[in-house]
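2 protein chains.
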Amino acid sequence: MRRGVRRTTDGGRPSRRRRPPARFLGIDIGGTKASAVVVDRTGRIRHRAGTVLHDRKDPPTVVARILRLVDAGLAARPGSVRAIGVGVAAQVDSRQGLVLHAGNLGWGRVALGPRIARHADRPVRLINDAMAATYGEWRVGAGRGARHVFGLSLGTGVGGGMIVDGRLALGSHGAFGEVGHMTIVSGGRPCTCGHRGCWEAYVGGWAVAERAREAVRAERRSGRLPVGFLDPRARQWTARQVFAAHRAGDPIARRVVRETLDHLANGAVGIANAFDPGLIVLVGGWIAGLPEAVERVRRAIRTSAQPTAARTRVRAGLLGEDAVAVGAALFARDGAVARAG
Amino acid sequence: MRRGVRRTTDGGRPSRRRRPPARFLGIDIGGTKASAVVVDRTGRIRHRAGTVLHDRKDPPTVVARILRLVDAGLAARPGSVRAIGVGVAAQVDSRQGLVLHAGNLGWGRVALGPRIARHADRPVRLINDAMAATYGEWRVGAGRGARHVFGLSLGTGVGGGMIVDGRLALGSHGAFGEVGHMTIVSGGRPCTCGHRGCWEAYVGGWAVAERAREAVRAERRSGRLPVGFLDPRARQWTARQVFAAHRAGDPIARRVVRETLDHLANGAVGIANAFDPGLIVLVGGWIAGLPEAVERVRRAIRTSAQPTAARTRVRAGLLGEDAVAVGAALFARDGAVARAG
Numbered sequence: 110m111r112r113g114v115r116r117t118t119d120g121g122r123p124s125r126r127r128r129p130p131a132r133f134l135g136i137d138i139g140g141t142k143a144s145a146v147v148v149d150r151t152g153r154i155r156h157r158a159g160t161v162l163h164d165r166k167d168p169p170t171v172v173a174r175i176l177r178l179v180d181a182g183l184a185a186r187p188g189s190v191r192a193i194g195v196g197v198a199a200q201v202d203s204r205q206g207l208v209l210h211a212g213n214l215g216w217g218r219v220a221l222g223p224r225i226a227r228h229a230d231r232p233v234r235l236i237n238d239a240m241a242a243t244y245g246e247w248r249v250g251a252g253r254g255a256r257h258v259f260g261l262s263l264g265t266g267v268g269g270g271m272i273v274d275g276r277l278a279l280g281s282h283g284a285f286g287e288v289g290h291m292t293i294v295s296g297g298r299p300c301t302c303g304h305r306g307c308w309e310a311y312v313g314g315w316a317v318a319e320r321a322r323e324a325v326r327a328e329r330r331s332g333r334l335p336v337g338f339l340d341p342r343a344r345q346w347t348a349r350q351v352f353a354a355h356r357a358g359d360p361i362a363r364r365v366v367r368e369t370l371d372h373l374a375n376g377a378v379g380i381a382n383a384f385d386p387g388l389i390v391l392v393g394g395w396i397a398g399l400p401e402a403v404e405r406v407r408r409a410i411r412t413s414a415q416p417t418a419a420r421t422r423v424r425a426g427l428l429g430e431d432a433v434a435v436g437a438a439l440f441a442r443d444g445a446v447a448r449a450g
Numbered sequence: 110m111r112r113g114v115r116r117t118t119d120g121g122r123p124s125r126r127r128r129p130p131a132r133f134l135g136i137d138i139g140g141t142k143a144s145a146v147v148v149d150r151t152g153r154i155r156h157r158a159g160t161v162l163h164d165r166k167d168p169p170t171v172v173a174r175i176l177r178l179v180d181a182g183l184a185a186r187p188g189s190v191r192a193i194g195v196g197v198a199a200q201v202d203s204r205q206g207l208v209l210h211a212g213n214l215g216w217g218r219v220a221l222g223p224r225i226a227r228h229a230d231r232p233v234r235l236i237n238d239a240m241a242a243t244y245g246e247w248r249v250g251a252g253r254g255a256r257h258v259f260g261l262s263l264g265t266g267v268g269g270g271m272i273v274d275g276r277l278a279l280g281s282h283g284a285f286g287e288v289g290h291m292t293i294v295s296g297g298r299p300c301t302c303g304h305r306g307c308w309e310a311y312v313g314g315w316a317v318a319e320r321a322r323e324a325v326r327a328e329r330r331s332g333r334l335p336v337g338f339l340d341p342r343a344r345q346w347t348a349r350q351v352f353a354a355h356r357a358g359d360p361i362a363r364r365v366v367r368e369t370l371d372h373l374a375n376g377a378v379g380i381a382n383a384f385d386p387g388l389i390v391l392v393g394g395w396i397a398g399l400p401e402a403v404e405r406v407r408r409a410i411r412t413s414a415q416p417t418a419a420r421t422r423v424r425a426g427l428l429g430e431d432a433v434a435v436g437a438a439l440f441a442r443d444g445a446v447a448r449a450g
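What follows is the structure in structure tokens.
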């Protein structure tokens with residue numbers, strides 16, 4: 110009623126009666142930083158709401174910073190944010206908007222979705238970050254128009270998500286596509302999750318760095334350490350440094366990368382066979398450091414997958430570092446639309 | 110029109126005007142035999158249409174025998190078969206009803222669905238056998254009422270299917286859930302599919318038998334062959350014989366079974382993590398020979414899967430050897446219903 114009255118008093122200025130254009134806020138919460146974008150109905154980025162680093166990872170500090178990102182997104186003009194999507198590097202309960210377990214943040218259960226919804230007075234949808242990236246690539250990126258897409262996320266961790274028959278599969282606990290913890294070497298290397306032989310324990314960024322360190326140590330002990338680019342005195346490298354050393358010709362890094370690509374390809378053949386997605390989109394920071402991975406995965410699937418799965422296409426994502434935030438925003442958009450309809 | 114005329118002439122006997130009760134014919138085509146059942150709307154088996162063995166595996170011979178099974182099913186009284194479902198141990202194109210590749214039958218492309226449909230003048234739906242078994246367990250077996258179910262089929266081969274959010278996932282090429290060719294030991298044992306390290310190459314019935322043979326050979330070479338139940342002069346055993354020898358205390362069979370259960374458990378942890386099904390139903394002939402596998406898989410998932418996936422329940426199927434035929438029949442029922450509605 111009050112709304113109707115206000116409209117009547119505005120009656121003389123028709124342009125003011127139009128609702129401002131719809132916007133959707135997407136937030137990407139990773140293990141070391143969070144960033145946010147505001148997109149329009151078509152998924153085009155209209156505004157970047159900024160980035161914050163998790164120099165402290167306790168939930169109150171991180172949540173307070175994320176709420177500031179939310180405020181910055183809500184303030185963006187022109188437009189009006191209708192819904193908020195959150196993609197988080199965690200196991201989540203999408204129905205209730207809960208973070209259940211975020212290894213890289215060291216979080217247990219955090220009711221992040223309801224907290225943001227209260228603060229922003231907007232509907233909030235929270236999903237796993239790899240699912241968000243998959244959704245974004247499906248809606249406006251490399252998977253546009255496909256009925257099935259597997260989004261494989263290669264970064265510090267390994268994750269995934271899948272569009273099954275035109276819908277994002279959430280699974281029973283919001284973890285569908287969590288292929289980082291698919292067993293790839295039965296009884297193999299210990300993973301951070303406590304199990305052994307997970308794919309992530311071979312091709313995740315942390316595992317690539319760890320395997321490089323072990324290889325350098327083994328060479329050192331053998332006394333035949335070649336002059337290379339991996340500084341043997343360093344206590345740790347990042348996967349990015351290992352990839353750079355590989356490109357520069359460091360023999361240890363080359364071996365580590367070759368083995369990494371073998372494990373990546375073997376796991377990808379398994380995904381093509383077991384999920385039959387027709388299309389795999391590779392997302393995440395890893396690919397920028399090792400672009401040949403796309404062709405390697407493509408070839409392995411063509412030559413080694415089951416006869417029909419061998420036709421699975423493989424593409425690099427198109428949204429780059431924005432995939433999670435844009436995907437989360439579009440997931441919120443489509444949820445809002447679904448509720449409205 | 111003719112039908113209407115006939116009805117009029119039957120007008121004096123109202124009981125004859127009723128349509129006979131609806132029945133659905135389900136056919137299970139495996140690598141060595143085919144069998145068929147007729148079920149009513151509730152999935153109850155009303156009739157068994159028989160079994161035929163593939164002593165010859167060429168498509169014309171097998172198809173002719175399957176058409177005889179179809180005729181026997183159509184002739185079953187009372188009732189009238191409304192639709193036919195076919196579950197086949199093969200890669201299939203469900204949309205067109207084609208067998209694309211059936212390794213155990215040695216078939217390439219066979220237009221089986223259209224052939225049966227022409228012969229029987231009924232709608233025919235054709236799916237992979239593990240998918241059919243999953244569908245059956247979901248509709249009337251151990252997965253009844255669940256929104257998500259992964260059906261893991263353990264037999265000579267290893268296969269699977271999944272109900273995702275209340276629908277059978279077919280995948281891009283009708284092969285969703287083909288976890289037998291998920292990589293479990295990257296770079297490991299050669300599989301019949303040409304790739305290495307597939308799960309089936311460790312836990313499929315053929316692989317269990319092959320590993321037992323290798324273990325006996327190795328013991329023989331070492332000169333310390335213990336007195337056991339696995340006859341070292343035999344050229345081949347079946348998995349069932351290996352399991353029986355294990356139960357009887359044969360030390361080689363026990364070791365082979367222990368390793369098999371380890372690989373089974375590690376793969377199942379990967380399925381719980383990557384497909385997040387909430388419920389895994391174990392189907393196929395293997396489980397009858399090694400019932401402790403159910404508890405072993407259950408325990409591995411509880412202790413080694415991701416925090417949420419660790420809640421995944423594990424059950425043995427309830428439909429036994431009828432799972433594929435009953436599931437195919439119900440898949441045809443639901444397809445027919447969907448078309449009618």
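For the protein sequence lines, the chains are A and B, in the order given. First residue of the first sequence? That's 110 in my numbering, and the numbers climb one at a time after it. First residue of the second sequence? That's 110 in my numbering, and the numbers climb one at a time after it. Think of the CB as a built atom: it goes at the ideal place given N, C-alpha and C, for glycine as much as any other residue. These numbers were taken from a predicted model, which means no experiment stands behind them.
Residue i bridges to which residues according to DSSP?
| i | result |
| --- | --- |
| B:F259 | B:M271 and B:I389 |
| B:D202 | B:L207 |
| A:P360 | DSSP output for A:P360 lists no bridge partner at all. |
| A:H156 | A:V147 |
| A:R422 | A:L388 |
| B:V161 | B:A143 |
| B:R276 | B:V273 |
Taking DSSP as the reference, what is the three-state secondary structure of residue i?
| i | result |
| --- | --- |
| A:G444 | helix |
| A:S144 | strand |
| B:N213 | coil |
| B:L176 | helix |
| A:A134 | Rather than Ala, the amino acid found at residue 134 of chain A in this sequence is Leu. If DSSP states are grouped into helix, strand and coil, A:L134 belongs with the strands. |
| A:A185 | coil |
| A:L370 | helix |
| B:I396 | helix |
| B:A381 | helix |
| B:L221 | helix |
| A:P169 | helix |
| B:T265 | coil |
| B:R305 | strand |
| A:R342 | coil |
| B:R329 | helix |
Return the CA-CA distance between residue i and residue j, expressed in angstroms with no decimal places.
| i | j | result |
| --- | --- | --- |
| B:R305 | A:Q345 | 33 Å |
| B:L162 | A:I193 | 59 Å |
| A:I272 | B:Q350 | 42 Å |
| A:G215 | A:K166 | 7 Å |
| A:V190 | A:L279 | 25 Å |
| B:F285 | B:A239 | 10 Å |
| A:A383 | B:V288 | 5 Å |
| A:G444 | A:E323 | 46 Å |
| B:D385 | B:A414 | 10 Å |
| B:H290 | B:C307 | 5 Å |
| A:G268 | A:A143 | 18 Å |
| A:R157 | A:A145 | 6 Å |
| B:H257 | B:F440 | 16 Å |
| A:S331 | A:P360 | 15 Å |
Measuring alpha carbon to alpha carbon, tell me which residue in the options is nearest residue i.
| i | options | result |
| --- | --- | --- |
| A:V404 | A:L370, A:A414 and A:P416 | Residue identity check: residue 404 of chain A is Glu in the sequence provided, not Val. With distances taken between Cα atoms, A:E404 lies closest to A:L370. |
| B:D202 | A:R408, A:P416 and A:H282 | A:P416 |
| A:I293 | B:R276, B:Y311 and B:L279 | B:Y311 |
| A:G283 | A:L209, A:C302 and A:R150 | A:L209 |
| B:V148 | B:P223, B:R132, B:A354 and B:T301 | B:R132 |
| B:A432 | B:G135, B:T141, B:E328 and B:R422 | B:G135 |
| A:L391 | A:A251, A:G152 and A:P168 | A:A251 |
| B:A437 | B:A198, B:P187 and B:A173 | B:A198 |
| A:R342 | A:G206, A:R326, A:H355 and A:G387 | A:R326 |
| A:P169 | A:G206, A:D180, A:R127 and A:V219 | A:V219 |
| A:A362 | A:S295, A:R330 and A:V317 | A:V317 |
I want to check one thing, is the minimum distance from the CB of residue i to the heavy atoms of the ligand SAH below 7 Å?
| i | result |
| --- | --- |
| A:R276 | The ligand content of the structure shown is nil, which means the ligand SAH is not present either. |
> Is the number of C-beta pairs between the segment 418–430 of chain A and the segment 241–250 of chain A that are closer than 8 Å three or more?
Replying inline: Yes: the two stretches touch, three or more of their Cβ pairs being nearer than 8 Å.
> Counting Cβ pairs closer than 8 Å, one from the segment 253–271 of chain A and one from the segment 393–407 of chain A, do we hit at least three?
Replying inline: yes
>> Quick check: the segment 226–236 of chain B against the segment 365–380 of chain B, are at least 3 beta-carbon pairs closer than 8 Å?
In response: no
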